[in-house]
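Chains as they are written, first to last, in our numbering: chain A, 42 to 138; chain B, 42 to 138; chain C, 42 to 138; chain D, 42 to 138; chain E, 42 to 138.
Note that CB positions come from ideal geometry on N, CA and C, so glycine has one too.
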Amino acid sequence: MKIGKVIGKVVSTRKEGNVDGLPILVVSYLDETLADTGKSAACIDTVNAGDGDVVLLCASSSARMTSKTTHAATDNTIVGIIDSVSAGSKFIYSKNK
Amino acid sequence: MKIGKVIGKVVSTRKEGNVDGLPILVVSYLDETLADTGKSAACIDTVNAGDGDVVLLCASSSARMTSKTTHAATDNTIVGIIDSVSAGSKFIYSKNK
Amino acid sequence: MKIGKVIGKVVSTRKEGNVDGLPILVVSYLDETLADTGKSAACIDTVNAGDGDVVLLCASSSARMTSKTTHAATDNTIVGIIDSVSAGSKFIYSKNK
Amino acid sequence: MKIGKVIGKVVSTRKEGNVDGLPILVVSYLDETLADTGKSAACIDTVNAGDGDVVLLCASSSARMTSKTTHAATDNTIVGIIDSVSAGSKFIYSKNK
Amino acid sequence: MKIGKVIGKVVSTRKEGNVDGLPILVVSYLDETLADTGKSAACIDTVNAGDGDVVLLCASSSARMTSKTTHAATDNTIVGIIDSVSAGSKFIYSKNK
């Protein structure tokens with residue numbers, strides 16, 4: 042899975058793939074230090090993520106392994122809001138700071 | 042999912058994979074600023090996309106998660122026409138402008 | 042899907058994966074201008090492609106979505122012989138020229 | 042599969058995908074000489090891996106092929122603790138040294 | 042599929058994923074000229090490949106499409122020993138030379 046940051050939104054009214062009602066967010070990928078990698082993707086959101094949230098992304102067929110995306114045409118799903126990322130006893134990121 | 046722009050068409054008469062009647066379009070990948078990334082793919086179209094349209098692409102096994110591609114040999118499907126892409130309150134792309 | 046050009050052949054007699062009788066061809070990947078990208082793959086052929094043919098490749102689990110590869114250990118299948126690639130009204134490639 | 046080294050931990054309380062109770066670890070990818078490649082991923086752990094452990098990673102839909110991840114939204118699972126990596130008769134890595 | 046060369050072995054006793062008894066080999070990827078690409082992976086072996094063998098690799102969910110890996114947590118399986126690779130009438134590689 043990848044760690045990402047929500048940076049935008051995609052609107053598409055003429056679409057296929059059983060994703061009606063699910064937001065499509067633009068997410069930039071972060072590395073293990075939470076630095077921006079310069080890569081991004083459009084992702085189906087299942088956790089009501091907001092702008093700037095650090096999120097967990099699940100790609101591949103496993104992007105359908107949530108109750109909201111079982112039959113969805115999604116190859117990249119936001120499956121969690123990240124509270125913290127740590128290395129050993131040191132916090133690299135904490136949502137409430 | 043990726044954001045792309047339709048730039049061409051592929052014709053193949055001798056083919057396998059249950060894709061008869063579905064257009065195969067050449068799509069260049071765009072980044073989160075809608076700039077061309079220099080990469081492209083051939084994609085099965087399920088939404089009647091036209092030349093120059095900005096589209097949403099779904100890869101992996103989820104490329105089969107539309108009513109038209111359930112049994113299709115497609116690893117990359119155009120699943121939506123994009124109306125707009127925004128970052129916060131700012132529009133990066135709007136189809137009708 | 043990717044566009045490729047057949048450039049060689051792989052022979053393997055001791056093998057697993059239900060691919061007996063299906064040719065394994067070496068295919069170099071082409072970009073949207075039909076220029077060589079310098080990347081290549083070994084692909085299972087389902088359309089009797091010949092040396093130099095420009096072909097359509099399907100990867101991922103969808104590589105099994107042809108009648109010949111349903112149970113095959115293939116992650117990249119040649120699913121079509123390409124007749125032409127065009128950009129707008131201009132032909133970039135035409136098989137019979 | 043990839044060889045990786047556990048370097049951190051992700052905590053996410055608001056999440057989807059049937060991964061409750063499974064640790065999400067940050068793993069940096071190692072090459073065949075066990076040198077760091079500079080790439081990393083967040084992975085679901087099924088073997089109680091600890092910080093610094095050299096582990097085996099399984100991606101794609103096969104990331105769900107363990108008893109703990111059958112229905113999990115994981116595209117990258119830690120499926121083994123590596124004891125040793127050798128090239129011919131020479132050990133490149135041994136856990137107990 | 043990729044062409045690779047067996048260069049090492051991974052031993053893991055604490056593991057998940059129904060791969061007991063199947064060797065895990067380190068394979069370096071070769072290009073279409075059989076030159077080393079500098080990339081490698083750990084792969085489940087189903088054909089008793091030995092050190093230095095040139096092999097055929099199958100990734101993605103199709104890595105499970107052999108009788109030995111049906112339920113295995115493998116995203117990259119050695120599915121064949123390669124006898125030869127040719128370009129037109131010229132042999133690039135032949136196992137018995």
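**Request:** Tell me whether A104/A sits in a helix, a strand or coil according to DSSP, three-state version.
**Result:** Looking up residue 104/A in the first sequence gives position 63. Helix at A104/A.
**Request:** Would you grab the beta carbon distance between V120/A and T107/A for me? Rounded to a whole angstrom, and I think it's under 8 Å.
**Result:** Within the first sequence, the letter at position 79 stands for residue 120/A. Within the first sequence, the letter at position 66 stands for residue 107/A. About 6 Å separates the beta carbon of V120/A from that of T107/A, a gap short enough to meet the 8 Å contact definition.
**Prompt:** Considering only C-alpha positions, which residue in the set N137/E, S127/E, S135/E is nearest to G47/C?
**Reply:** As a working mapping, residue 47/C is identified with position 6 in the third sequence. Looking at the sequence shown, residue 47/C is not Gly but Val. Closest by alpha carbon: S127/E.
**Interface positions of the stretch 58 to 88 of chain D facing chain E (Cβ-Cβ less than 8 Å), listed along the chain** = Along the stretch 58 to 88 of chain D, going in chain order, the ones with a CB nearer than 8 Å to a CB of chain E are D72, E73, T87, V88.
**Request:** Below 8 Å between beta carbons is the criterion; list the residues of the stretch 87 to 118 of chain B that meet it against any residue of chain C, in chain order.
**Result:** For the stretch 87 to 118 of chain B, the residues whose beta carbon sits under 8 Å from a beta carbon of chain C are, in order, D92, A100, S101, S102, A104, R105, H112, A113, A114, T115, D116, N117.
**Prompt:** Should R55/D go down as buried or exposed, given a rule of 16 or more other Cβ atoms within 10 Å for buried?
**Reply:** The sequence position of residue 55/D within the fourth sequence is 14, counting from 1. Looking at its Cβ environment, which holds fewer than 16 other Cβ atoms inside 10 Å, R55/D is exposed.
**Item:** Within 8 Å, strictly: CB atoms of C99/B and A114/A
**Value:** Within the second sequence, residue 99/B is the residue found at index 58, counting from 1. Within the first sequence, residue 114/A is the residue found at index 73, counting from 1. Yes. Within cutoff.
**Asked** Hey, quick one: how far does the beta strand (DSSP E) through G79/D stretch, first residue to last?
**Response** Taking the fourth sequence and counting its residues from 1, one reaches residue 79/D at position 38. DSSP places G79/D in the uninterrupted beta strand (DSSP E) bounded by 77 to 86.
**Prompt:** Would you call the CB atoms of G129/D and D92/E closer than 8 Å?
**Reply:** Numbered from 1 along the fourth sequence, position 88 holds the residue referred to as residue 129/D. Numbered from 1 along the fifth sequence, position 51 holds the residue referred to as residue 92/E. Cβ distance < 8 Å, so G129/D and D92/E count as in contact.
**CB contact below 8 Å: S127/B versus chain A** = In the second sequence, counting from the first residue as 1, residue 127/B sits at position 86. At least one chain A Cβ lies under 8 Å of S127/B.
**Asked** To the nearest whole angstrom, what separates the beta carbons of L75/C and Y134/C, a pair I think is in contact under 8 Å?
**Response** Within the third sequence, numbered from 1, the residue matching residue 75/C stands at position 34. Within the third sequence, numbered from 1, the residue matching residue 134/C stands at position 93. At roughly 5 Å, the Cβ-Cβ gap stays under 8 Å, so L75/C and Y134/C are in contact.
**Message:** Check for me: the beta strand (DSSP E) holding G45/B runs from which residue to which?
**Reply:** Within the second sequence, numbered from 1, the residue matching residue 45/B stands at position 4. For G45/B, the enclosing beta strand (DSSP E) begins and ends at 43 to 52.
**Asked** For T118/E versus T110/E, is the C-beta spacing smaller than 8 Å?
**Response** If you number the fifth sequence from 1, residue 118/E lands on position 77. If you number the fifth sequence from 1, residue 110/E lands on position 69. The Cβ atoms of T118/E and T110/E lie closer than 8 Å to each other.
**Request:** Could you tell me whether the Cβ of G49/A comes closer than 8 Å to any Cβ of chain B?
**Result:** One-based indexing of the first sequence puts residue 49/A at position 8. At a cut-off of 8 Å between beta-carbon atoms, G49/A makes contact with chain B.
**Item:** Option in S125/D, V52/D, L63/D, F132/D with minimal Cα separation from A90/D
**Value:** Taking the first residue of the fourth sequence as position 1, residue 90/D is located at position 49. Minimum Cα distance to A90/D is reached at L63/D.
**Request:** Would you mind stating whether D116/B and S69/C have Cβ atoms separated by less than 8 Å?
**Result:** Sequence index remark: in the second sequence, residue 116/B carries index 75 (1-based). Sequence index remark: in the third sequence, residue 69/C carries index 28 (1-based). Not a contact, by the Cβ cut-off of 8 Å.
**Prompt:** From N137/D to K131/A, what distance separates their C-alpha atoms?
**Reply:** Indexing the fourth sequence from 1 puts residue 137/D at position 96. Indexing the first sequence from 1 puts residue 131/A at position 90. Straight-line Cα distance between these residues: approximately 26 Å.
**Request:** Confirm, please, whether the CB-CB distance from S53/E to I122/D is below 8 Å.
**Result:** Working through the fourth sequence from its first residue, we reach residue 122/D at position 81. Working through the fifth sequence from its first residue, we reach residue 53/E at position 12. Taking 8 Å as the Cβ cut-off, I122/D and S53/E qualify as a contacting pair.
**Prompt:** Which whole-angstrom value is the C-beta distance of E57/A and T87/B, which I expect to be below 8 Å?
**Reply:** Here residue 57/A refers to the residue found at position 16 when the first sequence is read from its first residue. Here residue 87/B refers to the residue found at position 46 when the second sequence is read from its first residue. The distance from the Cβ of E57/A to that of T87/B is about 5 Å, consistent with a contact at the 8 Å cut-off.
**Request:** Just confirm the distance between the C-beta atoms of A82/D and K43/A, as a whole number of angstroms; I'd bet it's less than 8 Å.
**Result:** Numbered from its first residue, the fourth sequence carries residue 82/D at position 41. Numbered from its first residue, the first sequence carries residue 43/A at position 2. Indeed, because the Cβ distance is near 7 Å, the residues count as touching under 8 Å.
**Item:** Continuous beta strand (DSSP E) stretch holding I123/A: start and end
**Value:** As a working note, residue 123/A is residue 82 in the first sequence. Where I123/A is concerned, there is no enclosing beta strand (DSSP E), because DSSP gives it neither an H nor an E.
**Request:** Taking C-beta pairs closer than 7 Å, name the residues in chain E that K43/C reaches, listed in chain order.
**Result:** The residue labelled residue 43/C in the question sits at position 2 within the third sequence. Within 7 Å of the CB of K43/C, no CB atom of chain E is found; the nearest one sits about 14 Å away.
**Prompt:** Per DSSP, S135/E forms a beta bridge with which residues?
**Reply:** Start at 1 with the first residue of the fifth sequence, and residue 135/E comes out as number 94. Secondary-structure assignment with DSSP links S135/E through a beta bridge to S125/E.
**Prompt:** When the cut-off is 8 Å and only beta carbons count, does S53/E lie next to chain D?
**Reply:** The residue labelled residue 53/E in the question sits at position 12 within the fifth sequence. At least one chain D Cβ lies under 8 Å of S53/E.
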